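Colleague:
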Amino acid sequence: MPITVEIPKEKWAGKVREVVLGATAADGGTRAKTVVVGGEATLPFLHFDGAIPHPPALAIEVRDRRPDDWSPLVYEAWGEAMNDPAEWAKAAEKAGADLIVLTLSLTTADRKPNTPENAKAVVRKVLNATGLPLAVFGPGQAEKDNELIVPVAEEAKGEKLLLGVCEDKNYRTIVATAMANGHNVSSKTPMDVNLAKQLVILIHDMGMPLDRIIMDPTTGALAYGIEYGYSVMERLRLAALQGDSMTQQPMIVTPGEETWKAKESKVGEGVPETWGDWKRRAINWETLTAASLIHAGADAVVLRHPETLARVKAMVNGLMSAN
Amino acid sequence: MALTGLQIYKLLPQTNCKECGHPTCLAFAMKLAAKQAELALCPYVTESAKAQLDAASAPPIRLVAVSCNGSKVEAGNETVLFRHEKTFYHKPGLFIRVEDTLGAEGIKTKVSEADSYLVDYVGIKLGVDGFAVEAVSGDGAKFAEAVGAVRAASKKPLILIAPTPEVMAEGVKAASGTQPLLCAADESNWQKMAEIAKSAKAPLAVKAESLDKLAGLTEEIKKAGVEDIVLDPLAYGYGDSLKTLTQIRRLALKKNFRALGYPIIAFPSNGAGVDETVLAAQHIAKYAGFIVLNTFDPATLYPLLVLRQNIYTDPQKPIQVQPGLYEINSPTADSPLMVTTNFSITYFAVNNEVEGSGWPAWLLVADAEGMSVLTAWAAGKFDADRIAKAVKSTGAEGKINHKRLILPGQVAVLSGELEESLAGWEIMVGPKEAVDIPNYLKVMWGEKAGSR
Ligand code: SF4
Chain R
1 MPITVEIPKE
11 KWAGKVREVV
21 LGATAADGGT
31 RAKTVVVGGE
41 ATLPFLHFDG
51 AIPHPPALAI
61 EVRDRRPDDW
71 SPLVYEAWGE
81 AMNDPAEWAK
91 AAEKAGADLI
101 VLTLSLTTAD
111 RKPNTPENAK
121 AVVRKVLNAT
131 GLPLAVFGPG
141 QAEKDNELIV
151 PVAEEAKGEK
161 LLLGVCEDKN
171 YRTIVATAMA
181 NGHNVSSKTP
191 MDVNLAKQLV
201 ILIHDMGMPL
211 DRIIMDPTTG
221 ALAYGIEYGY
231 SVMERLRLAA
241 LQGDSMTQQP
251 MIVTPGEETW
261 KAKESKVGEG
271 VPETWGDWKR
281 RAINWETLTA
291 ASLIHAGADA
301 VVLRHPETLA
311 RVKAMVNGLM
321 SAN
Chain Z
1001 MALTGLQIYK
1011 LLPQTNCKEC
1021 GHPTCLAFAM
1031 KLAAKQAELA
1041 LCPYVTESAK
1051 AQLDAASAPP
1061 IRLVAVSCNG
1071 SKVEAGNETV
1081 LFRHEKTFYH
1091 KPGLFIRVED
1101 TLGAEGIKTK
1111 VSEADSYLVD
1121 YVGIKLGVDG
1131 FAVEAVSGDG
1141 AKFAEAVGAV
1151 RAASKKPLIL
1161 IAPTPEVMAE
1171 GVKAASGTQP
1181 LLCAADESNW
1191 QKMAEIAKSA
1201 KAPLAVKAES
1211 LDKLAGLTEE
1221 IKKAGVEDIV
1231 LDPLAYGYGD
1241 SLKTLTQIRR
1251 LALKKNFRAL
1261 GYPIIAFPSN
1271 GAGVDETVLA
1281 AQHIAKYAGF
1291 IVLNTFDPAT
1301 LYPLLVLRQN
1311 IYTDPQKPIQ
1321 VQPGLYEINS
1331 PTADSPLMVT
1341 TNFSITYFAV
1351 NNEVEGSGWP
1361 AWLLVADAEG
1371 MSVLTAWAAG
1381 KFDADRIAKA
1391 VKSTGAEGKI
1401 NHKRLILPGQ
1411 VAVLSGELEE
1421 SLAGWEIMVG
1431 PKEAVDIPNY
1441 LKVMWGEKAG
1451 SR
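Below, the structure written as structure tokens:
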């Protein structure tokens, strides 16, 4: 005899804020479309507890020039396109990316220090090459980040870029220019719930509206601390749903960058035979890292390999159909 | 769900006879609630009270074991929905599916290869947990033969998948002497399946397409005398699997709903258009107890095994790395010597960056009780004394022809003190973040070495 089972439902007090990336002509930009991240009123893909208005955005990371030390598998995947950020962004769009993350390098292809002029030119070129919304991140050294991101923010005024990376030791300059030029910012903190919250508070205190801040709680790759990132994200998302306002930002993480520096993905030689076929293993590494973090609440994941993108996209489509 | 002292008191004789060694029944009840006494101490407790107390103290998700020749896979007994709330206890068993139509040779090849597979992850040996033999043929004799062939090639625990009780009975005979999981009873055959499970003392999986039906079936089967039950809710897509497995876990933990308080078996390759590896990853994080994989491929198994290891790590006890001197990229006597703590994530980050940079280096991992650099420094577990001790005890000095030590940038303050503890050494202050190591080595060490 069947028993009538009453499914316990959660009544959450809060929900994740929505952040709009990119602006179309109607809103003063040139993007063909915009991407909205966040907005969930439930834990990841539990549609029976609350609404999930937007799927997680899948981004491809593109460099302003051909990177020096990426895995041969990623070079193989994008080929010649990696020599030109505009071509690379186009290829990423064609591969199905929702968002392009353009990372600026410390140096240009001829080993000279990167310049504001070069950064502006590359951003303009990429904006012209793709209709997707764009994120632009500095090379990750405070001074250089500020030197490059400020002119980029001005150059792309009105495009509603996602600018980064804001960290606790360097966020004021980037936040100020993002505010002045109508962009969003990414607030990055090292795998800790309170640090994530604090930096959002600091950025908000400068006057940045909360619907223009995305947080990057940082993750480790599979085998390299993914469980820390995973649990910090689950805790942040639970706090957001329980109504803790400063944790209600959408979350972005970078499984592509993390996994492709791991030996398991990066190299095919000098590793144990028990690791199996290199290419399948490498793409599994990135795919499983991204898939797990999406289950922990990621609203945007930054990937590197097109095959990972395709696999994660198929998963997201399955997860988004109401269950 | 645990009862309070008062609830327990109501079930006791309330005569205060003191034979349990406690002054009153209430005092005894309080001790029971705190799990500081055993119910058996009271000689007068009634059978019905005992049954009620036993039921209340049973875990909300029953622990079910599948075993063979002493090796055992256990699932269930979980207590939380999110690993940070406590920890996940019983790693889901990963089983490789073997179809009985594969033929004796085919089975031998597939099973032997998977059986001997062992991969090392931070010093832990990981492999598959067992085999799920499926009677695709629908023929009892063929199924029995296949079970025999699997047992000849492996001593690992088994799951037997058969469409009818008749075929199942043949498989069970061939598996005698082991405790396989029988998969699965349904609405139409549960009586016979339950009988087989009962006489074989084997756990029984139950399948139904709704939770209402599933709960109804488990209750019937329990009444028929089978207590070790595993649930197959037939949820095969990404979305319905996440929903259904979450609902079952919630019902068990939040509502103490006994009829679904059992571990779950998942088949990540049964759905159309689903990527087995990706769905298996979801099953690992979201609530499966047994996972049956179609394919044996080290390139997918290794990442899944590592993911399982990561998700089931106790968040209160982070993995520590053995302190000592580690070699990266085959270092020589003039390679740089760097020091960090034995917090696994710190170690991995540093190791990864150095390895990726291509620079040969010696990495000295100091015993900082598993804390990260800043935390350990603040707690006094990563100071000049400890670092100097690590340099001496690991024999690092003898491995290099220079006396330079690269200190993490976050503890630059230690360099003066360290130069006193390590007389004659030059302490170099490294970068604060691991990502900056490659550049640091190129610029700072490259200069010293005068090469590369
Ligand atoms: S032995 Fe039983 S009846 Fe007697 S005091 Fe203890 S609990 Fe009460």
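Note that the protein sequences, when read in sequence, are chains R and Z.
For the first sequence, our numbering assigns the number 1 to the initial residue and increments by one for each residue that follows.
For the second sequence, our numbering assigns the number 1001 to the initial residue and increments by one for each residue that follows.
For glycine and all other residues, C-beta sits at the position ideal for the given N, C-alpha and C.
A quick note: this is a predicted structure, and the numbers were derived from the prediction, not measured.
Using the three-state DSSP reduction, which class does G1450 (chain Z) fall into: helix, strand or coil?
Modeller: With a pLDDT of 48 at G1450 (chain Z), under the threshold of 50, the modelled position of that residue is not reliable, and no figure is offered here.
Colleague: Please determine if the region 123-133 of chain R and the region 74-89 of chain R are in contact, where contact requires at least 3 C-beta pairs separated by less than 8 Å.
Modeller: Touching, per the Cβ criterion.
Colleague: Any heavy atom of the ligand SF4 closer than 7 Å to the Cβ of E1019 (chain Z)?
Modeller: Yes, since a heavy atom of the ligand SF4 falls inside the 7 Å radius drawn around the Cβ of E1019 (chain Z).
Colleague: With 16 as the cutoff for other CB atoms within 10 Å, does M206 (chain R) come out buried or exposed?
Modeller: M206 (chain R) should be labelled exposed.
Colleague: Check each residue of the region 217-239 of chain R: if its Cβ is closer than 8 Å to any Cβ of chain Z, include it; give the result in chain order.
Modeller: Within the region 217-239 of chain R, the qualifying residues are G220, L222, A223, Y224, G225, I226, E227, Y228, Y230, S231, E234, R235, L238.
Colleague: Give a single yes or no on whether C1183 (chain Z) has its beta carbon closer than 7 Å to a heavy atom of the ligand SF4.
Modeller: Flag unset: Cβ of C1183 (chain Z) not near the ligand SF4.
Colleague: When the Cα of Q249 (chain R) is compared with those of R:V123, R:R212, R:V101, which residue comes out closest?
Modeller: Checking every option, the nearest Cα to that of Q249 (chain R) belongs to R:R212.
Colleague: Using a threshold of 8 Å, state whether the C-beta atoms of I1400 (chain Z) and M1428 (chain Z) are closer than that.
Modeller: No; because the gap between Cβ atoms is not below 8 Å, this pair is not in contact.
Colleague: Output needed for W88 (chain R): all residues of its chain with C-beta closer than 7 Å, excluding positions within five of it in sequence on either side, in chain order.
Modeller: These residues qualify, in order along the chain: V62, W78, A81, M82.
Colleague: Leaving aside the five residues before and after R1062 (chain Z) along the sequence, list all residues of the same chain whose C-beta is less than 8 Å from its C-beta, in chain order.
Modeller: Excluding sequence neighbours, R1062 (chain Z) sits near G1076, N1077, E1227, D1228, I1229, G1261, Y1262, P1263.
Colleague: Do P8 (chain R) and K1254 (chain Z) have their C-beta atoms closer together than 8 Å?
Modeller: For P8 (chain R) and K1254 (chain Z), yes; Cβs fall inside 8 Å.
Colleague: Residues in the same chain with beta-carbon distance under 8 Å from V1150 (chain Z), minus the five sequence neighbours each way, listed in chain order, please.
Modeller: Once the five neighbours on either side are set aside, the close Cβ partners of V1150 (chain Z) are V1098, I1107, V1111, F1131, V1133, L1158.
Colleague: Is it the case that the Cβ atoms of L46 (chain R) and T1394 (chain Z) are separated by a distance below 8 Å?
Modeller: No; because the gap between Cβ atoms is not below 8 Å, this pair is not in contact.
Colleague: Given 7 Å as the limit, tell me if L1053 (chain Z) has its C-beta closer than that to any heavy atom belonging to the ligand SF4.
Modeller: No, the beta carbon of L1053 (chain Z) sits no closer than 7 Å to any heavy atom of the ligand SF4.
Colleague: With a threshold of 6 Å on Cβ separation, who are the neighbours of S1421 (chain Z) within its own chain once the five nearest residues in sequence on each side are excluded?
Modeller: Same-chain partners within the cutoff: A1384, A1388.
Colleague: Just checking: is the beta-carbon of R1452 (chain Z) within a distance shorter than 8 Å of some beta-carbon in chain R?
Modeller: Reliability fails at R1452 (chain Z), whose pLDDT of 39 lies under 50, so the model's placement of it is uncertain and the value that follows must be treated cautiously. So no, R1452 (chain Z) is outside the interface.
Colleague: Can you find a heavy atom of the ligand SF4 that lies under 7 Å from the Cβ of V1172 (chain Z)?
Modeller: V1172 (chain Z): no, Cβ never under 7 Å from the ligand SF4.
Colleague: Is S1024 (chain Z) close to the ligand SF4? I mean its beta-carbon at under 7 Å from any heavy atom of the ligand.
Modeller: The displayed chain sequence assigns Thr, not Ser, to residue 1024 (chain Z). Result yes, Cβ under 7 Å from the ligand SF4.
Colleague: Once the 5 residues before and after E1369 (chain Z) are set aside, which same chain residues still bring their CB inside 6 Å of it?
Modeller: Once the five neighbours on either side are set aside, the close Cβ partners of E1369 (chain Z) are K1381.
Colleague: Does the distance between the C-beta of L1011 (chain Z) and the nearest non-hydrogen atom of the ligand SF4 fall short of 7 Å?
Modeller: No, Cβ of L1011 (chain Z) sits at least 7 Å from all heavy atoms of the ligand SF4.
Colleague: So who's on the other strand from L1094 (chain Z), going by DSSP bridges?
Modeller: The partner list for L1094 (chain Z) (beta bridge, DSSP) reads Z:I1291.
Colleague: Examine the Cβ distances between the region 276-285 of chain R and the region 293-303 of chain R and report whether three or more of them are shorter than 8 Å.
Modeller: No contact exists between the region 276-285 of chain R and the region 293-303 of chain R.
Colleague: With respect to the alpha helix (DSSP H) encompassing C1068 (chain Z), which residues constitute its N-terminal and C-terminal limits?
Modeller: From DSSP, C1068 (chain Z) is part of no alpha helix (DSSP H) but of the beta strand (DSSP E) over 1064-1068.
Colleague: Got a sec: is the Cβ-Cβ distance from H295 (chain R) to anything in chain Z below 8 Å?
Modeller: Chain Z, which has a Cβ nearer than 8 Å to the Cβ of H295 (chain R), makes this yes.
Colleague: Throw me the rounded Cβ distance for the W12 (chain R) and A41 (chain R) pair, which I believe falls under 8 Å.
Modeller: The pair is a contact, with the Cβ atoms about 6 Å apart (cut-off 8 Å).
Colleague: Distance check for I1248 (chain Z) and F48 (chain R), CA to CA, integer angstroms please.
Modeller: The alpha-carbon atoms of F48 (chain R) and I1248 (chain Z) are separated by roughly 14 Å.
Colleague: Would you say the beta carbon of N1016 (chain Z) comes nearer than 7 Å to a heavy atom of the ligand SF4?
Modeller: Yes, since a heavy atom of the ligand SF4 falls inside the 7 Å radius drawn around the Cβ of N1016 (chain Z).
Colleague: So if DSSP puts V1354 (chain Z) in a beta bridge, which residue, or which two residues, is it bridged to?
Modeller: Beta-bridge pairing links V1354 (chain Z) to no other residue.
Colleague: How would you call Y1440 (chain Z), buried or exposed, if buried means at least 16 neighbouring beta carbons within 10 angstroms?
Modeller: By the neighbour-count rule (16 or more Cβ atoms within 10 Å), Y1440 (chain Z) is buried.
Colleague: Run down chain Z in chain order and give the residues with a C-beta less than 9 Å from the C-beta of R66 (chain R).
Modeller: Per Cβ cutoff of 9 Å: no residues; R66 (chain R) is ~17 Å from chain Z at best.
Colleague: Note down, in chain order, each residue of its chain lying with its Cβ closer than 6 Å to the Cβ of W285 (chain R), except the 5 sequence neighbours on either side.
Modeller: The answer, listed in chain order, is L222, T259, E264, S265.
Colleague: Under 7 Å: does the beta carbon of F1267 (chain Z) sit that close to some heavy atom of the ligand SF4?
Modeller: Not under cutoff, so the answer is no.
Colleague: Do you know how far the Cα of A1333 (chain Z) is from the Cα of G1450 (chain Z)?
Modeller: Since pLDDT at G1450 (chain Z) reaches only 48, below the 50 mark, its modelled position is unreliable, and the value read off the structure follows with that caveat. Approximately 15 Å, taken between the alpha carbons.
Colleague: Which same chain residues end up closer than 7 Å to V1136 (chain Z) when comparing Cβ atoms and leaving out the 5 residues on each side of it in sequence?
Modeller: Once the five neighbours on either side are set aside, the close Cβ partners of V1136 (chain Z) are E1099, D1100, T1101.
Colleague: In the structure shown, what three-state DSSP assignment does R111 (chain R) receive?
Modeller: In this structure, R111 (chain R) counts as coil in the three-state DSSP scheme.
Colleague: According to DSSP, simplified to helix, strand and coil, what is I283 (chain R)?
Modeller: Correct three-state label for I283 (chain R): helix.
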